[in-house]
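With this note's numbering, letter number 23 in the sequence shown gets 23, and the count goes up by one each step, no holes.
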Amino acid sequence: MIIDAHTHYHAHGILNAVFNHLYGHNYAPIRPAHGDEELHLKLMDERGYDMQIISQPPFTQVHDQKAYLGIAQARAFNTSMAKCVEEHPGKFRAVASLPLQDIPASVKEMNRAIKELGMIGCMLNVDISRRGTAPTNDEEYWFPIYEEACKLNVPLFVHPGSSGLPRHQKYSLALHLGFIFGETEFLTTFIYGDVFKRFPDLKILCSHGGGAIPYQVGRFQASTCPDLKGERGPRIPIDGTFLDNLRKMHFDTCMYSPEGIECLIKVVGVDQVLFGTECPGMGMARRPDGRSYDNVEDYINGFGWLSEAEKAKIFSGNAIKLFKIKV
């Protein structure tokens with residue numbers, strides 16, 4: 001069985017209403033395929049994927065706008081995604097959107113989405129200001145979200161929104177670099193802030209393999225360990241080490257290179273990795289072998305150092321366990 005834990009779903013009517021309100025024109029999606037359920041199903045069938053876990057496309061979020069707009073959009077998006085799940089039994093599950101500029105409203109929507117709509121997790125943006133001015137994810141602003149996720153026993157899917165930093169507007173860097181930057185920042189502030197000490201039962205799934213963290217993990221690990229002579233403690237004292245905390249989280253394989261996925265698995269361990277492609281999305285570009293870059297199942301199947309049982313965990317077992325999916 002293969003479960004794709006990272007895919008996005010458009011609700012075009014909702015987006016057009018929001019963008020007409022904000023800008024006076026309809027939304028022109030970068031990836032119109034996100035909203036084409038039949039294309040999703042066709043690609044799943046061609047690739048042998050059994051299920052997709054859908055979420056709102058991050059560049060459509062309006063967390064930097066007034067709260068009433070964020071609330072209306074989140075409610076409408078969640079209702080739309082729940083309908084998609086209902087209309088295609090067994091093919092889709094959904095992760096809820098939240099109006100993160102209003103934390104009490106977010107907690108309320110979490111309960112509606114999980115208890116009434118049957119959603120299996122909630123999406124967490126890491127910079128709701130889009131300018132680097134919002135509270136970082138170790139600050140008390142976010143604690144009610146973490147507390148409620150623990151109560152509901154659902155994971156938070158960490159996926160940055162679209163960066164609004166001026167330096168990220170060249171070359172589509174808001175998309176290509178902004179996400180990686182956001183995930184890297186989230187993991188460092190979350191772990192250095194010792195958030196797991198306060199919320200030990202919190203479940204986190206970080207998108208795009210955790211940004212740059214697996215590749216640079218040694219630098220972060222060193223900051224939480226004592227010096228060689230034992231004359232001083234860690235520069236950043238936390239409960240455990242950086243790696244101890246990192247390995248409490250889960251990560252998807254939405255990375256598009258065998259080297260990156262291999263690094264991720266070897267750093268965090270097989271049990272913490274979920275298959276994810278973001279298909280259909282930006283990975284639908286032709287590789288030299290003629291396949292698509294988001295055919296990441298090719299890489300995992302090609303890892304001779306993984307057993308068949310370990311591959312099965314990555315392809316579906318870990319997602320079933322984390323999201324409590326009934327199959």
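Glycine included, each C-beta is placed from N, C-alpha and C at the ideal position.
It should be emphasised that the depicted structure is a prediction, and the values quoted were computed from it without experimental measurement.
heavy atom of the ligand NAD below 6 Å from residue i C-beta
i, result
"ARG219", "As far as ligands go, the structure on display features none, and thus does not contain the ligand NAD."
Buried/exposed call for residue i, threshold 16 Cβ in 10 Å
i, result
"SER80", "buried"
"LEU228", "exposed"
"ASP4", "buried"
"ARG219", "exposed"
"TYR171", "exposed"
"ASP294", "buried"
"LYS321", "exposed"
"GLN169", "exposed"
"ALA285", "exposed"
Best match in the options for proximity to residue i [C-alpha to C-alpha]
i, options, result
"GLY210", "VAL158, GLY48, ALA222, HIS63", "VAL158"
"ILE53", "ASP244, GLY118, LYS197, THR189", "GLY118"
"ASN111", "ASN78, TYR141, VAL85", "ASN78"
"PRO160", "PHE186, CYS279, ARG167", "PHE186"
"ILE128", "CYS122, GLN65, ALA74", "GLN65"
"PRO104", "TYR146, ALA134, VAL95", "TYR146"
"ASN125", "HIS250, TYR299, CYS279, PRO57", "PRO57"
"LEU177", "VAL327, ASP50, TYR68, ALA212", "ALA212"
"PHE59", "GLY281, TYR215, VAL154", "GLY281"
"ALA113", "VAL85, LEU264, GLU140, PRO89", "VAL85"
"ILE180", "ASP252, GLU310, PRO89", "ASP252"
"GLY193", "VAL327, ARG167, SER223, HIS208", "SER223"
Inter-residue Cα distance where the pair is residue i and residue j
i, j, result
"GLU308", "VAL270", "12 Å"
"LYS83", "GLY283", "26 Å"
"GLY48", "GLU87", "20 Å"
"LEU202", "LEU41", "32 Å"
"ALA67", "ASP45", "39 Å"
"ASP36", "ALA76", "17 Å"
Contact check, residue i vs residue j, beta carbons under 7 Å
i, j, result
"LEU156", "ILE204", "yes"
"VAL217", "VAL267", "yes"
"PHE190", "ASP138", "yes"
"LEU274", "ASN318", "yes"
"GLU278", "CYS263", "no"
Cβ distance (whole Å) where residue i is taken to contact residue j below 8 Å
i, j, result
"ALA74", "SER55", "Going by Cβ atoms, the distance from ALA74 to SER55 rounds to 12 Å, so no, they are not a contact pair."
"LEU100", "GLY132", "That pair is no contact at about 15 Å."
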